[in-house]
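Heads up: the sequence shown begins at 1 in full-length UniProt numbering, then just goes up one per residue. So the structure is just underneath, and the comments pick up after that.
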Amino acid sequence: CSKCKLQSNKRYKCSNCKTAIYCSEKCQKDHWAVHKPICRTYNPDEVWGIRILSNNVAAKARYPSHYFRHELIGNTNHSIFTKGERCPVTKRIGIPLIIYSTGVCEPRATGLNEIAVKLRVEATDGFAPDIWQNQPGECLVIREDRKPLTQELLETVYSFISHLMSYPILDEGWAPWNGLLNPSVWQMYAKRYYEEQEVAGRESFGRFSPLVD
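Dropping the structure here:
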């Protein structure tokens with residue numbers, strides 16, 4: 001089920017796109033806010049990504065997803081496929097993201113983007129390349145495996161990286177920071193984050209499942 005992530009003999013498909021599957025009409029209704037922006041018949045030549053608007057300090061908004069906009073990439077010649085960069089940390093945790101920066105690739109399109117910078121940090125030391133730290137502007141993110149990228153998942157990934165940034169990466173005596181960059185640590189964090197957001201009244205969050213999210 002796209003909402004509760006549970007298996008069921010009863011299946012309700014979205015009547016429009018035929019791709020989202022639910023175990024009940026209630027789950028389908030509750031999930032509509034998440035599914036609506038990307039409700040489109042599957043096309044192997046298209047991929048759903050998210051545009052991250054320029055932001056100074058993401059914490060100024062109530063939620064990081066305030067700066068997210070769904071975007072359908074239907075052109076295989078889009079610059080993200082040739083100039084986009086892999087996000088090393090997200091690759092390590094099993095969420096292979098590619099990020100394209102307008103500020104890095106188009107010098108005139110600059111602007112602060114804390115969220116994008118943290119997504120692009122290196123797994124070795126927790127720092128983004130210098131060019132990314134100098135106003136990367138609006139950025140576009142997709143999954144390298146071409147699965148649809150939801151705002152909920154991207155927000156959780158950003159929150160996870162922000163949380164890890166509090167780790168004393170370079171201090172002597174501490175275990176290597178990149179030892180935390182594995183699917184097990186990520187999945188436990190994501191499970192808790194989804195639960196906390198659901199309790200806080202954000203219905204778009206529900207049960208986290210590595211097989212679906």
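Heads up, the beta-carbon is just placed ideally off N, CA and C, and yes, glycines get one too. None of the values given here were measured: they were computed from a predicted structure.
DSSP places residue 192 in the uninterrupted alpha helix (DSSP H) bounded by 183-199. Within 10 angstroms of the beta-carbon of residue 15 lie fewer than 16 other beta-carbons, which makes it exposed. Between the stretch 72-84 and the stretch 175-184 there are fewer than three C-beta pairs closer than 8 Å, too few to call the two in contact. CA-CA distance, residue 137 to residue 104, rounds to 8 Å.
8 Å or more divides the Cβ of residue 189 from the Cβ of residue 64. Apart from sequence neighbours up to five positions away, the residues of its chain that approach residue 84 with a beta-carbon distance below 7 Å are 98, 99 and 100, ordered along the chain.
Taking the Cβ atoms as the reference, residue 142 lies roughly 7 Å from residue 73, within the contact range of under 8 Å. In the structure shown, the three-state DSSP call for residue 143 is strand. Where residue 67 is concerned, there is no enclosing alpha helix (DSSP H), because DSSP gives it neither an H nor an E. Excluding sequence positions up to five before and after residue 194, its CB lies within less than 6 Å of the CB of 205 and 208, all in the same chain and listed in chain order.
Our two residues, residue 145 and residue 106, have alpha carbons roughly 26 Å apart in a direct line. For the set 43, 191 and 7, the Cα lying nearest the Cα of residue 148 is the one of 43. Secondary structure note for residue 49: its beta strand (DSSP E) is the uninterrupted segment 47-52.
The residues 23, 27, 206 and 207, in chain order, have a CB closer than 7 Å to that of residue 4 in the same chain once the five nearest residues on each side in sequence are set aside. The residue from 102, 90, 47 and 95 with its alpha-carbon nearest to that of residue 120 is 90. Cα atoms of residue 155 and residue 128: separation of roughly 18 Å, rounded to the nearest angstrom.
If you draw a 10 Å sphere on the C-beta of residue 55, you find 16 or more other C-beta atoms in it, and that means buried. For residue 101, the uninterrupted beta strand (DSSP E) segment begins and ends at 97-101. DSSP places residue 33 inside the alpha helix (DSSP H), whose first and last residues are 32-35. Cβ contact annotation for residue 46 (same chain, cutoff 8 Å, sequence separation greater than five): 40, 72, 73 and 74, in chain order. Selection 33, 1 and 125 evaluated against residue 169 yields 125 as nearest (Cα-Cα).
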